[in-house]
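S.K.: Sharing a structure here in structure tokens format.
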Amino acid sequence: MAQVPEGGGDGGGKGKKRAKRGSTHIDMTPMVDLAFLLLTFFILTTTMYKPSSLQMTYPVPDKDNPQNETALNNAITLLLTKNDQIYYYMGEFRTEATEKGPPTTLEHTDFSKVQKLLVENNKQTVAQLNDLVRQFNEKKITEEEYNEKRKTIKGNKDNLKAIIKTDADAKYRNMIDMVDEMDICGIGSYGVLDELKPEEQALLDTEKAKL
Amino acid sequence: MSKIKMPRSSPSLDMTPMVDLAFLLVTFFMLTAQFRPEEAVAVDTPSSMSQSPIPMTNMLTVVVDTAGKVFWDFTDKGVRIAVLEELGKRVNYTPTDEEKVKFVNAGPIGVPIQNLRELLSLETGSERKAYMASHEGIPVDSTNNQLYEWISVTRNIFWNDAGHNPVVALKADGNTNYSRVAEVIRTFQSPGIQISKFKMITDLESSRM
Numbered sequence: 001m002a003q004v005p006e007g008g009g010d011g012g013g014k015g016k017k018r019a020k021r022g023s024t025h026i027d028m029t030p031m032v033d034l035a036f037l038l039l040t041f042f043i044l045t046t047t048m049y050k051p052s053s054l055q056m057t058y059p060v061p062d063k064d065n066p067q068n069e070t071a072l073n074n075a076i077t078l079l080l081t082k083n084d085q086i087y088y089y090m091g092e093f094r095t096e097a098t099e100k101g102p103p104t105t106l107e108h109t110d111f112s113k114v115q116k117l118l119v120e121n122n123k124q125t126v127a128q129l130n131d132l133v134r135q136f137n138e139k140k141i142t143e144e145e146y147n148e149k150r151k152t153i154k155g156n157k158d159n160l161k162a163i164i165k166t167d168a169d170a171k172y173r174n175m176i177d178m179v180d181e182m183d184i185c186g187i188g189s190y191g192v193l194d195e196l197k198p199e200e201q202a203l204l205d206t207e208k209a210k211l
Numbered sequence: 001m002s003k004i005k006m007p008r009s010s011p012s013l014d015m016t017p018m019v020d021l022a023f024l025l026v027t028f029f030m031l032t033a034q035f036r037p038e039e040a041v042a043v044d045t046p047s048s049m050s051q052s053p054i055p056m057t058n059m060l061t062v063v064v065d066t067a068g069k070v071f072w073d074f075t076d077k078g079v080r081i082a083v084l085e086e087l088g089k090r091v092n093y094t095p096t097d098e099e100k101v102k103f104v105n106a107g108p109i110g111v112p113i114q115n116l117r118e119l120l121s122l123e124t125g126s127e128r129k130a131y132m133a134s135h136e137g138i139p140v141d142s143t144n145n146q147l148y149e150w151i152s153v154t155r156n157i158f159w160n161d162a163g164h165n166p167v168v169a170l171k172a173d174g175n176t177n178y179s180r181v182a183e184v185i186r187t188f189q190s191p192g193i194q195i196s197k198f199k200m201i202t203d204l205e206s207s208r209m
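From first to last, the protein sequence lines stand for chains E and W.
Take the first sequence: its position 144, counted from the start at 1, is 144 in my numbering, and no numbers get skipped.
Take the second sequence: its position 1, counted from the start at 1, is 1 in my numbering, and no numbers get skipped.
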């Protein structure tokens, strides 16, 4: 309790004399307690709200020039579906065996394993990027050079490309996670589509039924 | 003699500077704290590694909640009022000054244009929130794409004022079906507005890697 020493505690005539002599200081301990309590409360309850954003660039659909699906040899197609499951195949989709290979089958993976898969298929680029990061950290190159080189490495035509396709059960979170993986694994060219080809859908449905 | 005097002087410290400091800090924290506006829509954004910040002004946000309801939001007052007036004209609705104030402070708006009058006639924020919860949100289907109207009106007004386009952001709940988000993205790309660059609002990821 804050008390002004007015001689209440001691009582008696002598106490009054002492009170006059004593300073008019107030015991500030409780106030300090309170102030620090408030301070601690504010510091502890403050959560820094820092939303960030992913910059996305979607190509404006060009009706006259439908997507050419050539140059898919070095591409991975990732089909995102329900329960955070991922199916994928490499290269073009083949409904039946051609000279290029047997008909396409879907492989199964999920978000804990997909990073490893992508890095394995994109070893060269990842190695180059890691090397670049090391150079940058050792201050051998400037930030501008770093950004420039990073762009060049990621833009290399022979790199792994990715096509992310989502079916009706995929969540928005899956797509964001996948785009994130693209960044982590150094895949510079990727696209997001929300429609599967009917033959892909059919294959996916049979795989989903096995789950 | 001095030995007798010593115990009389109390051993207490002068705490005034400490109190000053403590209160200074308290005041500082209280005054600089910006309260997060109560969100009319609960959206749990997914997390990503990306660290690019989002602007606090001149930003058009399209919000998609878990259920797939679409909301419109804009950061700046003047533009919000102008948008309300412009959209009101299409349904013969002239908002009063009081309703404009409500609209400015309402945060994300998610009702069909024809329901705006009813929404703004409600008194409290919680009533409006409940109203939006029980209605369908801004329609995005191809036959009645009101989101398109909202975006094109906002962009026109902003353009006339500032001479450039506002930043467009998409804030969707992580558990929304992607197909719903894709409908919104298709609206962004539709002829007439053709937004190909936009920001997807995410939380900063802390635990992974």
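Idealized CB from N, CA, C, for every residue including glycine.
Every value quoted in this text rests on a predicted model; they were computed, and no experiment measured them.
Using 7 Å as the limit for Cβ to Cβ distance, is M70(W) near chain E?
M.R.: Reading off the sequence shown, one finds Val at residue 70(W), where the question assumed Met. Chain E contact via Cβ: absent.
S.K.: By the criterion of Cβ-Cβ separation under 9 Å, what are the contact partners of G33(W) in chain E?
M.R.: Here residue 33(W) is Ala; the residue named in the question, Gly, does not match the sequence. In chain order: F42, T46.
S.K.: V104(W) to K77(W), Cα distance in whole Å?
M.R.: Using only the alpha carbons, I get a separation of about 6 Å.
S.K.: Report the three-state DSSP secondary structure of T70(E) (helix, strand or coil).
M.R.: With a pLDDT of only 48 at T70(E), under the threshold of 50, the placement of this residue in the model should not be trusted, and no figure is reported.
S.K.: Starting from E107(E), follow its DSSP beta bridges and name the residues at the other end.
M.R.: Beta-bridge pairing links E107(E) to Y88(E).
S.K.: Only counting the same chain, and skipping five residues up and downstream in sequence, which positions put a Cβ closer than 8 Å to that of F74(W)?
M.R.: M59, L60, T61, R80, V83, T154, P166, listed in sequence order.
S.K.: Can you name the residues of chain E whose CB is closer than 7 Å to the CB of T143(W)?
M.R.: Correct list: empty, because the minimum Cβ distance to chain E is about 19 Å.
S.K.: Below 8 Å on the Cβ atoms is my contact criterion, and I expect D167(E) with L193(E) to pass it. Report the Cβ-Cβ distance as a whole number of Å.
M.R.: No, D167(E) and L193(E) are not in contact; Cβ-Cβ is about 11 Å, not under 8 Å.
S.K.: In the segment 177-204 of chain E, which residues sit with their C-beta less than 8 Å from some C-beta in chain W, listed in chain order?
M.R.: From the segment 177-204 of chain E, only D177, V179, D180, D183, I184, D194 have a Cβ closer than 8 Å to chain W.
S.K.: Which residues in chain E sit within 8 Å of T45(W), going by Cβ to Cβ distance?
M.R.: Within 8 Å Cβ-Cβ: P51.
S.K.: Taking the alpha helix (DSSP H) that Y172(E) falls in, what are its first and last residues?
M.R.: 172-184 is the extent of the alpha helix (DSSP H) around Y172(E).
S.K.: Kindly indicate if chain E contains any beta-carbon less than 7 Å away from that of F74(W).
M.R.: Taking Cβ atoms only, chain E never reaches closer than 7 Å to F74(W), which makes this a no.
S.K.: Thinking I141(E) and L160(E) are a contact (beta carbons under 8 Å), I'd like their distance in whole angstroms, please.
M.R.: Wrong, their Cβ atoms sit about 25 Å apart, outside the cutoff.
S.K.: Report yes or no: do the segment 173-185 of chain E and the segment 74-84 of chain E share at least 3 C-beta pairs separated by less than 8 Å?
M.R.: A contact exists between the segment 173-185 of chain E and the segment 74-84 of chain E.
S.K.: In the segment 155-177 of chain W, which residues sit with their C-beta less than 9 Å from some C-beta in chain E, listed in chain order?
M.R.: Answer in chain order: A169, L170, K171, A172, D173, G174, N175, T176, N177.
S.K.: Keeping to the same chain, check which residues put their C-beta closer than 7 Å to that of K208(E); ignore five residues upstream and five downstream.
M.R.: Contacts found: T81.
S.K.: Since T176(W) and G68(W) should fall inside the 8 Å C-beta cutoff, what is the C-beta to C-beta distance between them, to a whole number of angstroms?
M.R.: Correct: roughly 6 Å between the Cβ atoms.
S.K.: Specify the secondary structure class of P55(W) as computed by DSSP and reduced to three states.
M.R.: Of the three classes helix, strand and coil, the one that applies to P55(W) here is coil, per DSSP.
S.K.: Would F28(W) be called buried (16 or more neighbouring beta carbons within 10 Å of its own) or exposed?
M.R.: Exposed.
S.K.: Over the uninterrupted alpha helix (DSSP H) stretch that includes G163(W), give me the two end residues.
M.R.: Looking at the DSSP string, G163(W) is not in any alpha helix (DSSP H), and its letter there is neither H nor E.
S.K.: Between the segment 150-159 of chain E and the segment 126-134 of chain E, can you find at least three pairs of beta-carbon atoms closer than 8 Å?
M.R.: Touching, per the Cβ criterion.
S.K.: Taking the CB atoms as reference points, tell me whether I86(E) and T109(E) lie closer together than 7 Å.
M.R.: Yes, the pair counts as a contact, with Cβ atoms nearer than the cut-off.
S.K.: Which runs of the beta strand (DSSP E) spanning at least 3 residues fall entirely within the segment 95-173 of chain E, listed in chain order?
M.R.: 107-110, 161-166, all fully within the segment 95-173 of chain E.
S.K.: Which of helix, strand or coil does DSSP assign to G68(W)?
M.R.: Looking at G68(W) - three-state DSSP - the assignment turns out to be coil, as it is neither helix nor strand.
S.K.: Would V41(W) and A172(W) qualify as a contact pair, given that the criterion is a beta-carbon distance under 7 Å?
M.R.: No, the Cβ-Cβ distance between V41(W) and A172(W) is not below 7 Å.
S.K.: Please name the residues in the segment 158-175 of chain E whose beta-carbon is closer than 9 Å to at least one beta-carbon of chain W, in chain order.
M.R.: Taking 9 Å as the Cβ-Cβ cut-off against chain W, the residues of the segment 158-175 of chain E that qualify are T166, D167, A168, D169, A170, K171, Y172, R173, N174, M175.
S.K.: By Cβ distance, which residues of its chain are closer than 7 Å to N122(E), with the 5 residues on each side in sequence left out?
M.R.: Counting only Cβ-Cβ distances below 7 Å, and skipping sequence neighbours, we find N159, L160, C185, G186, I187.
S.K.: For G174(W), is the classification buried or exposed, using 16 other Cβ atoms within 10 angstroms of its Cβ as the cut-off for buried?
M.R.: Buried.
S.K.: For the segment 52-67 of chain W, which residues have a CB atom closer than 9 Å to at least one CB atom of chain E, in sequence order?
M.R.: Against chain E - using a Cβ distance shorter than 9 Å - the residues of the segment 52-67 of chain W are S52, P53, I54, V64.
S.K.: Is the beta carbon of S52(W) less than 7 Å from the beta carbon of S189(E)?
M.R.: Cβ distance not < 7 Å, so S52(W) and S189(E) don't count as in contact.
S.K.: Q55(E) by DSSP, collapsed to three states: which one?
M.R.: DSSP places Q55(E) in strand when its eight states are reduced to three.
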